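In this text, residue positions in the sequence shown follow this note's numbering: the first is 6, and each later residue adds one.
I have placed the structure first, in the form of structure tokens, so that the comments after it can refer back to it.
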Amino acid sequence: MSAPTVRLGAVIITMGNRPEELRALLESVAKQDGDPIEVVVVGNGAPLPELPPGVRTIELPENLGIPGGRNVGIEAFGLSLAADRPGAASTPAVSPAPTEAGPVDVLLFLDDDGLLPGTDTAELCRRAFADDPRLGIISFRIADPDTGETQRRHVPRLRASDPLRSSRVTTFLGGANAVRATVLEQVGGLPGDFFYAHEETDLAWRAQDAGWAIDYRADMVLHHPTTAPSRHAVYHRMVARNRVWLARRNLPALLVPGYLAVWLLLTLARRPSRPALRAWLGGFKEGWTSSCGPRRPMKWRTVWKLTRLGRPPVI
């Protein structure tokens, strides 16, 4: 597959509360070099503002969460996801709208308050996927539009001191990435029941277990205002619950206790407030007592691959 033949699509989910930022993002996508990028915007339980002509829109009657909303966008491109997608029975079916250009090869997932500052990002993306047939996912670099700085938490590896260094990694950033369509059709979409937090790592682990690679590309930039992650009770509960689900779904049984023990100790070491810790422990318990969805433990060779890449699945 040559770079010019790699057809890109883009999925953007929104709560409808950032219309100006969304329109700016869509403008930056439209300005990309090369063939036009087909865009689907999903209103996640919220009405959509007026958007430019040519942008396909879907308004969901309820908020399905980040992974659920993105799964709807994926299926709008005609991709068939595995039964991994929760909420399929209760979510209105989305009819794909095929075009003369044919199906997409790669989908971009972009935060609705982000912006692509360069016009060459799409072409860089096409070339990367064309050059490496085993490349499944690209994680873009997120940079503050005013300072150009990249927060450490936005570099998807443990050695995050140099955000300008591209490398092969073990996970990716949910709101600034590109995923090969074949990956989604092969291993399924994002785990919709997660609603928020760790859904990217779940997909990343499944993709790597199927033999796909993930690259962090410092030259593919999404501008996004510097923000602190939410620290409300729901955040702490979902982070803990989904961490347990992540382990139960994907890790060999021998690694599950160690992985969760490490994260319990790391959480305690951060000295959270009493309400935050109470919410976190409640989520941790919920992760054990509720269904985590289908369990497909990764192969031991995948464990070794993640370890060689600098992030063994115990942290």
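The C-beta atom is built at its ideal place from N, Cα and C for all residues, glycine as well.
Computed from a prediction, not measured in an experiment: that's the story for all the values here.
### Exposure of glycine 239, with buried meaning 16 or more beta-carbon neighbours within 10 Å
Per the sequence shown, residue 239 should be read as valine rather than glycine. Exposed, since its Cβ has fewer than 16 Cβ neighbours within 10 Å.
### Query
So which of Ile143, Arg170, Thr126 has the shortest CA-CA distance to threonine 155?
Arg170
### Query
Would you report the Cα separation of valine 267 and histidine 203, rounded to the nearest angstrom?
16 angstroms
### Task
Jot down the residue ranges of each uninterrupted alpha helix (DSSP H) in the stretch 206-241, minimum 4 residues, whole runs only, in chain order.
none
### Task
Report yes if the CB atom of isoleucine 143 is closer than 8 angstroms to the CB atom of arginine 75, and no otherwise.
For the 8 angstroms CB-CB criterion, isoleucine 143 and arginine 75 do not form a contact.
#### Entry: Inter-residue CB distance, arginine 131 and valine 16 (contact presumed, cutoff 8 angstroms)
The Cβ separation is near 17 angstroms, so there is no contact.
### Query
Around the Cβ of tryptophan 293, are there at least 16 other Cβ atoms within 10 angstroms (buried) or fewer (exposed)?
exposed
### Task
Apply the 10 Å Cβ neighbour rule to leucine 326 and answer buried if 16 or more other Cβ atoms are within range, or exposed otherwise.
In the structure as shown, the chain begins at 6 and stops at 320. Residue 326 is therefore absent and cannot be evaluated.
### Query
What three-state label does DSSP hand alanine 181 in the structure shown?
Strand.
### Message
Residues in the same chain with beta-carbon distance under 7 angstroms from alanine 94, minus the five sequence neighbours each way, listed in chain order, please.
### Response
Here the model assigns alanine 94 a pLDDT of 37, short of 50, so the residue's position is not dependable, and the following value carries that caveat. Closer than 7 angstroms at Cβ, skipping near neighbours: no residue.
### Task
Would you mind stating whether proline 66 and glycine 78 have Cβ atoms separated by less than 8 angstroms?
no
#### Entry: Rounded straight-line distance, which links the Cα of methionine 303 to that of valine 184
A straight line joining the alpha-carbon of valine 184 with that of methionine 303 spans about 20 angstroms.
### Query
With DSSP run on the structure shown, which of helix, strand or coil describes arginine 283?
Arginine 283 falls in the helix class under three-state DSSP.
### Query
How is serine 95 classed by DSSP in three states: helix, strand or coil?
Note that serine 95 has pLDDT 40, beneath the 50 cutoff, so the model's placement of it is unreliable and the number below is only indicative. In the structure shown, serine 95 sits in coil (DSSP, three-state: anything other than H, G, I, E or B).
### Message
In the DSSP output, what is valine 45 paired with across the bridge?
### Response
Partner(s): Val16, Arg61.
### Contact under 8 angstroms by Cβ, valine 44 with isoleucine 63
For valine 44 and isoleucine 63, no; Cβs fall outside 8 angstroms.
### Three-pair Cβ contact test at 8 angstroms for the stretch 175-194 versus the stretch 245-254
no
#### Entry: Sequence-distant residues of the same chain with beta carbon closer than 6 angstroms to arginine 300, five excluded per side
Arg254
### Message
Nearest by alpha-carbon distance to leucine 311: which of Asp220, Gly179, Asp136, Phe82 is it?
### Response
Asp220
### Task
Measure the C-alpha to C-alpha separation of alanine 284 and glutamate 291 and round it to an integer number of angstroms.
10 angstroms
### Query
Where are the beta strand (DSSP E) runs, 3 residues long or more, that stay fully inside the stretch 244-314, in chain order?
none
### Query
Hey, glycine 216 and arginine 139 are a contact pair by Cβ (cut 8 angstroms); roughly how many whole angstroms apart?
Yes, they are in contact, since the Cβ atoms of glycine 216 and arginine 139 sit about 7 angstroms apart, within 8 angstroms.
### Query
Can a CB atom of chain D be found closer than 8 angstroms to the CB of valine 11?
Structure shown: chain D not included; a single protein chain is present.
### Message
Is it buried or exposed, proline 161, if we count other Cβ atoms within 10 angstroms and call 16 or more buried?
### Response
buried
### Rounded separation between alanine 258 and leucine 208 - CA only
19 angstroms
### Message
Please state the DSSP three-state secondary structure of alanine 135.
### Response
Annotated three-state conformation of alanine 135 is helix, per DSSP.
### Task
Please report the residue range of the alpha helix (DSSP H) in which glycine 119 lies.
That residue, glycine 119, is in no alpha helix (DSSP H); it is neither H nor E in DSSP.
#### Entry: Beta-carbon gap between aspartate 117 and glutamate 26 smaller than 8 angstroms
yes
### alanine 186 and aspartate 110 closer than 8 angstroms at C-beta
Yes, they are a contact pair.
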